[in-house]
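To start, the structure itself, in structure tokens.
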Amino acid sequence: MEACTPSSPTVRNTSPKAWINEFHYSNKGKDQNEFIEIVVGPSTDAASLKLILYNGSNGRMYRSLSLSDNEAFSVSKSGSGFLIYTAFIPIQNGPADGIALLSGRDGKTV
1 MEACTPSSPT VRNTSPKAWI NEFHYSNKGK DQNEFIEIVV GPSTDAASLK
51 LILYNGSNGR MYRSLSLSDN EAFSVSKSGS GFLIYTAFIP IQNGPADGIA
101 LLSGRDGKTV
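The sequence shown maps to residues 1 to 110 in the working numbering.
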């Protein structure tokens, strides 16, 4: 019988390059202070990302924002090198409305 020699496991960093971190879209009464926060990793080109807002009643996009849009997004840095993009924008709040973060290069979700 041969002896089995253990080897070190292969460890891969599989953390996402960018993600929708937080959003607020509805208050009781008047909608106010609505926002979407996106976190972008240190090696990710934020200019290649788009935030898309969808109307659930017809499945169509009603707003598209590039993360390079300095008028729509404020940008801050985290202590770990991530960038935090925040957009204070009106967000529809119907039962099937949606938010997506897409790669501008290939149109796939991030």
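The beta carbon of each residue, even a glycine, is placed where N, CA and C say it ideally should be.
In this text the structure is predicted, and so the values were computed from the model without any measurement.
Going by beta carbon distance, what residues of the same chain come within less than 7 angstroms of residue i, once the five residues before and after it are set aside?
{"i": "residue 26", "result": "93"}
{"i": "residue 22", "result": "37"}
Looking only at its own chain, which residues have a Cβ that is under 8 angstroms from the Cβ of residue i, when we skip the five neighbours before and after it?
{"i": "residue 49", "result": "18, 38, 40, 66, 67, 101, 102, 103, 104 and 110"}
Pick helix, strand or coil for residue i, following the three-state DSSP scheme.
{"i": "residue 100", "result": "strand"}
{"i": "residue 72", "result": "coil"}
Taking residue i as the reference, give the member of the options with the closest Cα.
{"i": "residue 64", "options": "95, 52, 74 and 36", "result": "52"}
{"i": "residue 30", "options": "54, 45 and 91", "result": "91"}
{"i": "residue 78", "options": "16, 62, 42 and 20", "result": "42"}
{"i": "residue 83", "options": "16, 46, 35 and 24", "result": "46"}
Counting contacts by CB-CB distance shorter than 8 angstroms, is residue i in contact with chain C?
{"i": "residue 103", "result": "Looking at the structure shown, chain C is missing, and only one protein chain is on hand."}
Distance check for residue j and residue i, CA to CA, integer angstroms please.
{"i": "residue 86", "j": "residue 56", "result": "23 angstroms"}
{"i": "residue 138", "j": "residue 7", "result": "Residue 138 lies beyond the range of the chain shown here (1 to 110); nothing can be said about it."}
{"i": "residue 97", "j": "residue 24", "result": "13 angstroms"}
{"i": "residue 107", "j": "residue 61", "result": "13 angstroms"}
State yes or no: is the C-beta of residue i nearer than 7 angstroms to some heavy atom of the ligand SAM?
{"i": "residue 64", "result": "The ligand SAM is not part of the structure shown, which contains no ligands of any sort."}
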